[in-house]
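Protein chains in written order, with this note's numbering: chain A, 1 to 203; chain B, 204 to 668.
Right, here's the structure in full:
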């Protein structure tokens, strides 16, 4: 019972963090929310995977956050501001979008539980929330950091669900490397174009 | 020694070492030589078979265990590995001539190693993860550190990453479908998710918009390498799916859907190519058309799927390498590659222009060039199944021909009194010359590919039957 309550708290935390990532324009807040998101995801992943494998996911996630944070910290605020879009970008629009994602997740969760029994409602709900929020984020941005945040959110959602059906160490390891690769690729893309040409030669 | 150690670990370690420890002058030579040696070893030494050399017995074992799963390359994989590393050697030797950065060879070797691992990993489903990792390694090749990334690179990363969850999840669903084949709903869901995964990976219409964007904003040689490497292994991965799951192989609806996607890619790629005023974007659309032909070959309702697919795959590597090399040479002179910038360049870069046009014509399926025999084989199969499909393939290839003629017209539109010059270096001339000769050899004597292709159907035991 207590575990179930904690799992639902984790789902609530996922909803809160994904909303912050979607709404917030400050990269510090977004990365902080992503770090918290990995904690909640860790809890849901360990419903089906051993603690050690869940920890590997958590640590990898935090490493990604650290890599992106360190990169962004070294850039000026003007360099990071490059968002341009024709789509509505107001905060209330994003809140409404999060509500839609939450409603769709709430509607789909029992149906998926009926099709694939044994996953657990909180695991499915948390996973769908993150996948939906990640997709919404990717659909609304052309900015590199936000695109990477969207992809990481989506992948975390997928990993929660996939952990329930595949417990291979190799897959866990490869998914961790994929997350890390995404973080490093994101850092590289953030840095590209901000360094003088001489530094490229030195590297 | 095991096959995964030789063809996965060694190139990965060599690539990693050249990235950090070797001067950039030597990297094309090292990468080219290592790839050639690996290709020759794959040709000469059969995997999992003992060979007696004098008093020494040599046997390359087929598999290795890694975190509870195995990586296995079997005897049938030998010719495929030889083709892959042979074509990779071609790309690496061309690096010097293209003037690409130091990282190309090192990262390229690591990418090819990862992609080879995607063929070897068991269960084969996990290849989706390795393909995604390879896609991430491509990023530094596409965007030099001094250049701001464009939208094409970000889109490429998003699409390739989105493909992985779809394919992994569909693999799990397919196992369920296999257990209860009568469940139409589950079958449809699994098929749709799988289709979406491959649509993202291969860039099926309209998910290929990143390709022309990349051709405009990134280095042509690196983008060409990407357009060769990733679709090649994705197609092999897709053939693995068809071979593994009976219902995928036997479903007429799926076959029709695959053919529809292929036709859409060929026709739209060709038509868009004919409208472009940027020679890089034309190459991008030509690559899309070529991938469409591969998709069409996969969707054939015939026992010739494997032969036709590989017949298309091998010349594709050569065509893209020659085209990308020629573009890189031209781009060093004309930065934007727009028609207005490259006008009249046939007189100052005759070899590069000739190579570019020949590669374009080869992709069109022009007689005597490398692309002609595989297109003929595909057309023969398609004509027996649907004349409408054949017609749209013709329209797509006609679009590519129009693009080639327009490009040629722009290149020769020089001032009347402009003298002919030879601005390519001897390395560039040699590489382009060899490439052009290769295009003619594969076009006039396609039987030279027979030793490589003849045993490839053994890779997919159910598809050729």
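From the three backbone atoms N, C-alpha and C, an ideal C-beta is built for every residue, glycine too.
Anything in chain B within Cβ reach of residue i, meaning under 7 Å, just list it in chain order.
| i | result |
| --- | --- |
| residue 151/A | 361 and 364 |
| residue 169/A | 270 and 271 |
| residue 158/A | 368 |
| residue 192/A | 346, 348, 350, 351 and 352 |
| residue 195/A | 348 and 349 |
Using only CA atoms, which one of the options lies nearest to residue i?
| i | options | result |
| --- | --- | --- |
| residue 294/B | 385/B, 645/B, 626/B and 631/B | 631/B |
| residue 604/B | 488/B, 421/B and 658/B | 488/B |
| residue 509/B | 312/B, 285/B and 440/B | 440/B |
| residue 619/B | 582/B, 549/B and 629/B | 549/B |
| residue 34/A | 152/A, 119/A and 43/A | 152/A |
| residue 155/A | 140/A, 133/A, 116/A and 191/A | 133/A |
| residue 641/B | 526/B, 352/B and 478/B | 526/B |
| residue 193/A | 345/B, 383/B, 315/B and 660/B | 345/B |
| residue 365/B | 418/B, 623/B, 274/B and 405/B | 405/B |
| residue 666/B | 614/B, 622/B and 503/B | 503/B |
| residue 453/B | 412/B, 381/B, 426/B and 491/B | 381/B |
| residue 292/B | 234/B, 651/B and 428/B | 234/B |
| residue 302/B | 230/B, 575/B, 493/B and 617/B | 230/B |
| residue 244/B | 256/B, 285/B and 280/B | 285/B |
| residue 38/A | 25/A, 71/A and 21/A | 21/A |
| residue 283/B | 357/B, 315/B and 268/B | 315/B |
| residue 374/B | 339/B, 326/B and 581/B | 326/B |
| residue 514/B | 573/B, 470/B, 223/B and 523/B | 573/B |
| residue 318/B | 334/B, 306/B and 551/B | 334/B |
| residue 520/B | 354/B, 422/B, 490/B and 596/B | 490/B |
| residue 237/B | 263/B, 422/B and 288/B | 288/B |
| residue 149/A | 3/A, 56/A, 32/A and 12/A | 32/A |
| residue 495/B | 538/B, 343/B, 412/B and 464/B | 464/B |
| residue 420/B | 478/B, 400/B and 354/B | 354/B |
| residue 52/A | 163/A, 114/A and 99/A | 163/A |
| residue 445/B | 570/B, 436/B, 278/B and 458/B | 458/B |
| residue 362/B | 166/A, 147/A, 12/A and 30/A | 147/A |
| residue 340/B | 628/B, 351/B and 356/B | 356/B |
Can you pull the DSSP bridge partners for residue i?
| i | result |
| --- | --- |
| residue 325/B | 273/B |
| residue 522/B | Partner(s): none; residue 522/B has no beta bridge. |
| residue 256/B | 259/B |
| residue 541/B | 481/B |
| residue 250/B | 263/B |
| residue 268/B | 273/B |
| residue 205/B | 264/B |
Just the chain B side, please: which residues come within less than 9 Å of residue i by C-beta, in chain order?
| i | result |
| --- | --- |
| residue 165/A | 372 and 375 |
| residue 93/A | Simply none; closest approach about 21 Å. |
| residue 162/A | 368, 371, 372 and 375 |
| residue 147/A | 357, 358, 360 and 361 |
Under 9 Å Cβ-Cβ, which residues of chain A neighbour residue i?
| i | result |
| --- | --- |
| residue 336/B | 174, 177, 178 and 181 |
| residue 343/B | 185, 188 and 192 |
| residue 208/B | Going along chain A, no residue has its Cβ under 9 Å from residue 208/B, so there is no contact; the nearest lies around 17 Å. |
| residue 403/B | By Cβ distance, chain A contributes nothing, its closest Cβ being about 12 Å from residue 403/B, past 9 Å. |
| residue 428/B | Within 9 Å Cβ-Cβ: nothing; residue 428/B doesn't reach chain A, min ~17 Å. |
Going along chain A in order, which residues have a C-beta closer than 8 Å to the C-beta of residue i?
| i | result |
| --- | --- |
| residue 339/B | 178, 181, 182, 184 and 185 |
Could you name the residues of chain B that residue i contacts, counting a contact when the two beta carbons are closer than 8 Å?
| i | result |
| --- | --- |
| residue 55/A | Chain B residues near residue 55/A: none, gap ~16 Å exceeds 8 Å. |
| residue 109/A | Chain B residues near residue 109/A: none, gap ~16 Å exceeds 8 Å. |
| residue 142/A | 354 and 357 |
Below 8 Å on the Cβ atoms is my guess for residue i versus residue j; work out the distance and round it to an integer in Å.
| i | j | result |
| --- | --- | --- |
| residue 424/B | residue 531/B | 4 Å |
| residue 492/B | residue 560/B | Actually they do not touch by this definition, with Cβ atoms about 16 Å apart. |
| residue 323/B | residue 207/B | 5 Å |
| residue 184/A | residue 67/A | 6 Å |
| residue 482/B | residue 540/B | 5 Å |
| residue 646/B | residue 600/B | At roughly 15 Å, the Cβ-Cβ gap does not stay under 8 Å, so residue 646/B and residue 600/B are not in contact. |
| residue 130/A | residue 157/A | 3 Å |
| residue 538/B | residue 544/B | 7 Å |
| residue 105/A | residue 125/A | 6 Å |
For residue i, which residues in chain D fall below 7 Å Cβ to Cβ?
| i | result |
| --- | --- |
| residue 138/A | The structure shown contains no chain D; the protein chains it does contain are A and B. |
List, in chain order, every chain A residue whose beta-carbon is nearer than 7 Å to that of residue i.
| i | result |
| --- | --- |
| residue 329/B | 170, 171 and 174 |
*asked:* List, from N- to C-terminal side, the beta strand (DSSP E) runs of 3 residues or more that fit wholly inside the stretch 425–490 of chain B.
replied: none
_Ordered list of beta strand (DSSP E) runs contained in the stretch 113–172 of chain A, each at least 3 residues_ = none
*What alpha helix (DSSP H) runs, 4 residues minimum, are completely inside the stretch 328–381 of chain B?*
330–345
*Quick one: complete alpha helix (DSSP H) runs, 4+ long, within the stretch 579–620 of chain B?*
590–615
*Residue ranges of each alpha helix (DSSP H) within the stretch 55–81 of chain A, 4 or longer*: 77–80
*Taking the runs of the alpha helix (DSSP H) that are 4 residues or longer, which of them lie wholly in the stretch 290–322 of chain B?*
none
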